[in-house]
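Undergrad: These protein sequence lines map, in sequence, to chains U and X.
Residue 146 in my numbering sits at position 146 of the first sequence; the count goes up by one each step and never skips.
Remember, my numbering sits 222 above the position in the second sequence when you count from 1.
C-beta atoms are modelled at their ideal positions from N, C-alpha and C, and glycine is treated no differently.
All figures in this text were calculated on a predicted structure; none of them were measured in a lab.
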Amino acid sequence: MFIVIAGAGKVGYQLARALVAQHEILIIESDPGRADFVSEELGGEVVMQGDACDAATMEQAGMERADLVVAVTGEDGNNLTFCQMAKSKFSVPRAVARINNPQNEALFRQLGIDATVSATALILAHIEQELPWQGMIPLLMIQGRGLELVEVRVPADAQVVGRPFRSVFLPQGSLVCLVIDAEGTPRLPTADTIVKADDILLAVTNVENEEGLRSALTSSAS
Amino acid sequence: MGCGRLGAELAGLLEQDGHEIAILDLDKLAFAHLPPSFKGKRVLGDGTDQDTLRKAGAERADAFISATRGDNRNALAAQVAKHVFHIDRVGSVIFDPIREGVYADLGLRTINPTKIEADMLRNAIERD
Numbered sequence: 001m002f003i004v005i006a007g008a009g010k011v012g013y014q015l016a017r018a019l020v021a022q023h024e025i026l027i028i029e030s031d032p033g034r035a036d037f038v039s040e041e042l043g044g045e046v047v048m049q050g051d052a053c054d055a056a057t058m059e060q061a062g063m064e065r066a067d068l069v070v071a072v073t074g075e076d077g078n079n080l081t082f083c084q085m086a087k088s089k090f091s092v093p094r095a096v097a098r099i100n101n102p103q104n105e106a107l108f109r110q111l112g113i114d115a116t117v118s119a120t121a122l123i124l125a126h127i128e129q130e131l132p133w134q135g136m137i138p139l140l141m142i143q144g145r146g147l148e149l150v151e152v153r154v155p156a157d158a159q160v161v162g163r164p165f166r167s168v169f170l171p172q173g174s175l176v177c178l179v180i181d182a183e184g185t186p187r188l189p190t191a192d193t194i195v196k197a198d199d200i201l202l203a204v205t206n207v208e209n210e211e212g213l214r215s216a217l218t219s220s221a222s
Numbered sequence: 223m224g225c226g227r228l229g230a231e232l233a234g235l236l237e238q239d240g241h242e243i244a245i246l247d248l249d250k251l252a253f254a255h256l257p258p259s260f261k262g263k264r265v266l267g268d269g270t271d272q273d274t275l276r277k278a279g280a281e282r283a284d285a286f287i288s289a290t291r292g293d294n295r296n297a298l299a300a301q302v303a304k305h306v307f308h309i310d311r312v313g314s315v316i317f318d319p320i321r322e323g324v325y326a327d328l329g330l331r332t333i334n335p336t337k338i339e340a341d342m343l344r345n346a347i348e349r350d
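1. Quick one: any contact between the segment 254 to 261 of chain X and the segment 269 to 286 of chain X, if contact means 3 or more CB pairs under 8 Å?
2. Could you tell me which whole beta strand (DSSP E) segments of length 3 or greater appear in the segment 135 to 215 of chain U?
3. Any Cβ of chain X within less than 9 Å of the Cβ of residue 190 (chain U)?
4. Against chain U, with Cβ distances strictly below 9 Å, would residue 226 (chain X) count as a contact?
5. Can the beta-carbon of residue 179 (chain U) be found closer than 9 Å to that of residue 164 (chain U)?
6. So what's residue 286 (chain X) in DSSP terms, helix, strand or just coil?
7. For the beta strand (DSSP E) that contains residue 24 (chain U), what are its first and last residues?
8. Given residue 260 (chain X), which residues of its chain have a CB within under 7 Å of its CB, disregarding the five upstream and five downstream residues?
9. Per DSSP, what are the beta-bridge partners of residue 2 (chain U) in this structure?
10. If we call anything under 9 Å between Cβ atoms a contact, is residue 318 (chain X) one with residue 31 (chain U)?
11. Under 9 Å between C-beta atoms, does residue 238 (chain X) make it to chain U?
12. Buried or exposed for residue 347 (chain X), going by 16 or more other Cβ atoms inside 10 Å?
13. Looking only at its own chain, which residues have a Cβ that is under 6 Å from the Cβ of residue 229 (chain X), when we skip the five neighbours before and after it?
14. Within its chain, find whatever has a CB closer than 7 Å to the CB of residue 74 (chain U); leave out the 5 residues flanking it on each side and keep chain order.
15. Between U:16, U:76 and U:115, which lies nearest to residue 42 (chain U) when the distance is taken from Cα to Cα?
16. Would you call residue 169 (chain U) buried or exposed, if buried means 16 or more other Cβ atoms sit within 10 Å of its Cβ?
17. Closest by CA to residue 286 (chain X), which one among X:250, X:262, X:307 and X:343?
18. Spell out a yes or no on whether the segment 263 to 280 of chain X and the segment 291 to 302 of chain X are touching, meaning 3 or more CB-CB pairs, one atom from each, closer than 8 Å.
19. So the candidates are U:218, U:22 and U:34; which of them puts its Cα closest to the Cα of residue 137 (chain U)?
20. What's the call for residue 322 (chain X), buried or exposed, on a 16-neighbour Cβ count within 10 Å?
21. Hey, could you find the ends of the alpha helix (DSSP H) residue 223 (chain X) is sitting in?
22. Using beta-carbon positions only, say whether residue 68 (chain U) and residue 141 (chain U) come within less than 9 Å of one another.
23. Looking only at C-alpha atoms, which of U:174, U:35 and U:148 sits nearest to residue 44 (chain U)?
24. Residues in the same chain with beta-carbon distance under 6 Å from residue 76 (chain U), minus the five sequence neighbours each way, listed in chain order, please.
25. Rounded to whole angstroms, what's the CA-CA distance from residue 78 (chain U) to residue 65 (chain U)? Just pull it up for me.
26. Got a sec: is the Cβ-Cβ distance from residue 146 (chain U) to anything in chain X below 9 Å?
27. With distances taken from CA atoms, which of U:181, U:215, U:197 and U:174 is nearest residue 206 (chain U)?
28. Who pairs with residue 314 (chain X) in a beta bridge, going by DSSP?
29. Taking 9 Å as the threshold (C-beta atoms), are residue 244 (chain X) and residue 265 (chain X) in contact?
30. Using 8 Å as the threshold, is the segment 194 to 202 of chain U in touch with the segment 143 to 158 of chain U, meaning 3 or more CB pairs across them?
31. Between residue 88 (chain U) and chain X, is any beta-carbon pair separated by less than 9 Å?
32. List, in chain order, every chain U residue whose beta-carbon is nearer than 7 Å to that of residue 291 (chain X).
33. State the start and end residues of the unbroken alpha helix (DSSP H) segment that holds residue 270 (chain X).
34. Any Cβ of chain X within less than 9 Å of the Cβ of residue 75 (chain U)?
35. Only counting the same chain, and skipping five residues up and downstream in sequence, which positions put a Cβ closer than 8 Å to that of residue 186 (chain U)?
36. Decide if residue 214 (chain U) is buried, meaning its Cβ has at least 16 other Cβ atoms within 10 Å, or exposed.
Encoded structure:
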C-alpha cells in the first residue's frame, strides 16, 4: 500500500517506522529540522518537507495514488483539513485521523473520516481506571456499527463475583467475548463460566449502554 | 472567532448594525483590536473547542464566523458550528484559494480574502 502520513511528531515518526518495511510510506512534515531528523533515520525518500494541507505539496507527494492517508499532527484542524482535502480533492479511498480534543471524535466521523484514534481519550480512560472507582477502558470503536470494544476489570467486591455468566444480566446489545483471569489465561466465556475477582473482561457494547455494562460488571454487592 | 484586525473590525460593524456579538480569541491582548465602544462579550479561549463555543453562547447563536489567520482552524470551527451547534449562517475565512474551493464544495460558506484583495488591486491598477 502507498500510505501518506501528515505530521512527523512522535506518533507520525513511530508509525512510519513500524510500517516502512511492508509499505510505501511518505511523511509530510512542515518543520525542516524535524523533517531532516526523520530523513536521517528512515531515509530521504520517506519524508517530504512542506505544508501537508497545501494542494501543490499534496500533488507533489503523489496523493492521487495514495491508498490510505493518516493525519497525526497535534492540531485537529490540520488533521481534518488534510483528510478532507485527500478525500474530496484527491479521491483517496481511506482517511484515518488522530483526535487531540476528544470532543471532536463524533464530528470527524460525521464528516466522513473513516477511522479516528483519540490518544487523549484513551489515556484519560486508563488514568480513570486507576482511580478508586473501578472503571472501563474503551479500546476500539467499531466504525459504522455504533459499537465499541471495552475492557473491564472486575473489582473484588463486585456483585457478579462467584456467579456464572448465565445469571449476569447485561444491557441489550452487550456481550462479553473474552475473559482473562488473574494468571493471564484467556478463555472464551460460556454460560457456566464463573466470574472471578480481578478478571479482565473484553466486551462489545453499543455506545449508549456503556454505562449500564460498566455498572452490571463492577457494581458492589452492597 | 478570531479577534485580529479583521475579526475586530467586523465585530464593530455588526454591533453598529444592532446585533449582539460574542468574540473569541486565544490571546487576551487581541481584544485591544476592538473599537473602544464595543459592548459585546469577549471570550478568552479556543474557538474550535465545543465547551468554549458553548460558553460564548453558540447554542443560541444565529450566525458564526471564523476569521483567524489559520485556514484549518477556521474550517474546523465552522464545521463544529454547523454540525454540532446547527447554526444556520456559518461563514469561514479561508486564505488559500484551493483549500477554499474544497471547503466550498463540501458546503461551507467561505470567504477568500486573497482572491478579493487580488481582484481589488487588479481593478485599482487597470482603472488608471
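TA: Reading off the structure:
1. no
2. 136 to 142, 147 to 153, 175 to 180 and 200 to 206
3. no
4. Residue 226 (chain X) does not count as touching chain U.
5. With a cutoff of 9 Å on beta-carbon distance, residue 179 (chain U) and residue 164 (chain U) are scored as not near each other.
6. strand
7. 24 to 29
8. 233, 234 and 237
9. U:24
10. no
11. no
12. exposed
13. 289
14. If we look at residue 74 (chain U) and ignore the five residues flanking it on each side, its Cβ neighbours are 9 and 100.
15. U:16
16. exposed
17. X:307
18. Three or more pairs of CB atoms, one per stretch, sit closer than 8 Å, so the segment 263 to 280 of chain X contacts the segment 291 to 302 of chain X.
19. U:218
20. Buried is the call here.
21. Where residue 223 (chain X) is concerned, there is no enclosing alpha helix (DSSP H), given that its DSSP letter is neither H nor E.
22. no
23. U:35
24. For residue 76 (chain U), where only same-chain residues beyond five positions count, the Cβ hits under 6 Å are 100, 101 and 104.
25. Spanning the two alpha carbons is a distance of roughly 21 Å.
26. No, residue 146 (chain U) lies away from the interface with chain X (no Cβ there is under 9 Å from its Cβ).
27. U:174
28. X:288 and X:332
29. yes
30. yes
31. yes
32. Per Cβ cutoff of 7 Å: no residues; residue 291 (chain X) is ~12 Å from chain U at best.
33. Segment: none, residue 270 (chain X) is in no alpha helix (DSSP H) and carries neither H nor E.
34. yes
35. 178, 179 and 180
36. buried
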